[in-house]
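What follows is a set of notes on a single structure, which appears directly below.
In structure tokens, the structure reads:
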């Protein structure tokens, strides 16, 4: 598919001034200006990220109340359950928060739901089990912003739940009925950076807790794990996320965590060389995600909490095997979904590809949706039908706010949630056709023909002699 070129406007005078002030080449200065870093202070932060670029966690709505409750639990010896999502964002965040709590002397447990037996999000049966086991406080990671009914049960039964999440809240229902909610995207939160991943929000709570107990010096050690989750969750690498990833990458090659070392080695990036975001997104991330896609994600937490090298190597090998299995299944599901799309009556005029099939592996439909959205350059929903119920994953293109479109079809779903560019849903078989019709109707009004042509963004045109190794 041919691409349309989008050439960024260049402010030559600003670039010249920036080059002189920062002592960088005209090409680098021009790129900084084109990417929105034309101010000297912003450009310096972009080029040299530091711990000072991390925002004060107390700026996040609900932080003071969350910290008070967690510290009270620690002081009174109450066990705390960390309830994380089963993807790489949730599992790395679970590891981060658990470690911070343990450093502060907390008694902790963790729960990562099984994708196939429990499903996505906070579920009431898991909260009932937590209460029966004596937990009085649950802290979520990367999940819970739409879990209104389970949280109403928790409130009625004396179980305090703190939500840490980054997914978009329900526009109508607002914040869930939790003890405290930490989410930069919740209504009324003025936190400066709205693009934190779930692991990033969990890290902000960890930061606030450590600072409250005079242990703020320890936060840098958490950034390796936060960087992995941030990149693998495809969070926008600007602002605070960029600082997190840059600082985490700088320390990854020196990691001493047995589980992290074992995973790096089996992924081919444990040879002591400098790590890159590519390593996080395409080597470590897929192996971590494979646990929750193909089996039970609690193996990830067990890996990163392993203290013996032999145990760590065994768990890393398990994740590597699950990832190879995931690749095979993913290729087959993507092929079948594209065949189904090609056999549909009128694929060309469609603005959204809504593709459903019986028995498709639920663990890989998100990747299949992403691959198909990229190939067709239009939003894609892939649904695995099991009996009368379908579980779907959706991915979008830059020009289309996916969650807005799904919200217009909310009455068709058993449940749904996500972001502007990625979402999950549960739907009954008989509603799939109506979803296809209504979502395409919504997208047709929101998208132009040009939006369906992939874009290639051009920062600058350069003479050949500028393309040196130094650049």
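Residue numbers (this note's numbering): 526 to 996. Here a beta-carbon is modelled for each residue, glycine too, at the ideal position from N, C-alpha and C. Keep in mind it's a predicted model, so treat the numbers as computed, not measured.
Identity of the residues DSSP links to residue i by a beta bridge
i           : result
residue 905 : 878 and 920
residue 605 : 633 and 662
residue 530 : 981
residue 953 : 914
residue 948 : 919 and 943
residue 699 : 695
The alpha helix (DSSP H) enclosing residue i, as first and last residue numbers
i           : result
residue 556 : 551 to 559
residue 539 : 537 to 547
residue 889 : Counting along the chain, residue 889 falls outside any alpha helix (DSSP H), and DSSP gives it neither H nor E.
residue 808 : That residue, residue 808, is in no alpha helix (DSSP H); it is neither H nor E in DSSP.
residue 593 : 588 to 600
residue 677 : 673 to 681
residue 693 : No alpha helix (DSSP H) contains residue 693, which DSSP labels as neither H nor E.
residue 641 : Neither: residue 641 is in no alpha helix (DSSP H) and is coded neither H nor E.
residue 835 : 834 to 868
residue 783 : 783 to 791
residue 994 : Premise fails: residue 994 is in no alpha helix (DSSP H) and is neither H nor E.
residue 757 : 748 to 757
residue 627 : 613 to 628
Cβ-Cβ distance between residue i and residue j below 9 Å
i           : j           : result
residue 683 : residue 656 : yes
residue 726 : residue 685 : no
residue 840 : residue 922 : no
residue 615 : residue 706 : no
residue 662 : residue 598 : yes
residue 628 : residue 740 : yes
residue 943 : residue 928 : yes
residue 695 : residue 708 : no
residue 916 : residue 887 : yes
residue 693 : residue 720 : no
residue 785 : residue 625 : no
residue 835 : residue 611 : no
residue 827 : residue 623 : no
residue 554 : residue 544 : yes
residue 500 : residue 703 : No statement about residue 500 is possible, as the shown extent of the chain runs from 526 to 996 and does not include it.
residue 774 : residue 802 : yes
residue 952 : residue 892 : no
residue 813 : residue 613 : yes
residue 772 : residue 576 : yes
residue 650 : residue 658 : no
residue 933 : residue 967 : yes
residue 722 : residue 768 : no
residue 920 : residue 895 : yes
residue 713 : residue 584 : no
Alpha-carbon to alpha-carbon, residue j and residue i
i           : j           : result
residue 671 : residue 949 : 12 Å
residue 890 : residue 806 : 18 Å
residue 954 : residue 879 : 13 Å
residue 822 : residue 737 : 31 Å
residue 824 : residue 800 : 24 Å
residue 717 : residue 913 : 44 Å
residue 868 : residue 845 : 35 Å
residue 838 : residue 849 : 17 Å
residue 538 : residue 561 : 14 Å
residue 990 : residue 756 : 34 Å
residue 885 : residue 752 : 32 Å
residue 871 : residue 530 : Any reading at residue 871 must be qualified, since the residue scores a pLDDT of 49, below 50, and its modelled position is unreliable; the value itself is stated next. So the alpha carbons of these two residues sit roughly 28 Å apart.
residue 542 : residue 589 : 43 Å
residue 574 : residue 744 : 15 Å
residue 996 : residue 983 : 17 Å
residue 875 : residue 902 : 11 Å
residue 986 : residue 557 : 14 Å
residue 548 : residue 762 : 24 Å
residue 981 : residue 660 : 52 Å
residue 563 : residue 698 : 40 Å
residue 619 : residue 747 : 12 Å
residue 534 : residue 979 : 19 Å
residue 854 : residue 820 : 13 Å
residue 971 : residue 701 : 30 Å
residue 507 : residue 632 : Past the edges of the chain, shown from 526 to 996, lies residue 507, and the structure says nothing about it.
residue 988 : residue 571 : 25 Å
residue 940 : residue 674 : 12 Å
residue 715 : residue 993 : 43 Å
residue 679 : residue 864 : 45 Å
residue 897 : residue 904 : 9 Å
residue 637 : residue 847 : 17 Å
residue 664 : residue 546 : 46 Å
residue 617 : residue 810 : 10 Å
Residue i - containing beta strand (DSSP E), residue span
i           : result
residue 938 : 938 to 943
residue 707 : 705 to 707
residue 689 : 685 to 689
Take every Cβ of the segment 570 to 584, pair it with every Cβ of the segment 777 to 785, and state whether three or more of those distances are shorter than 8 Å.
-> no
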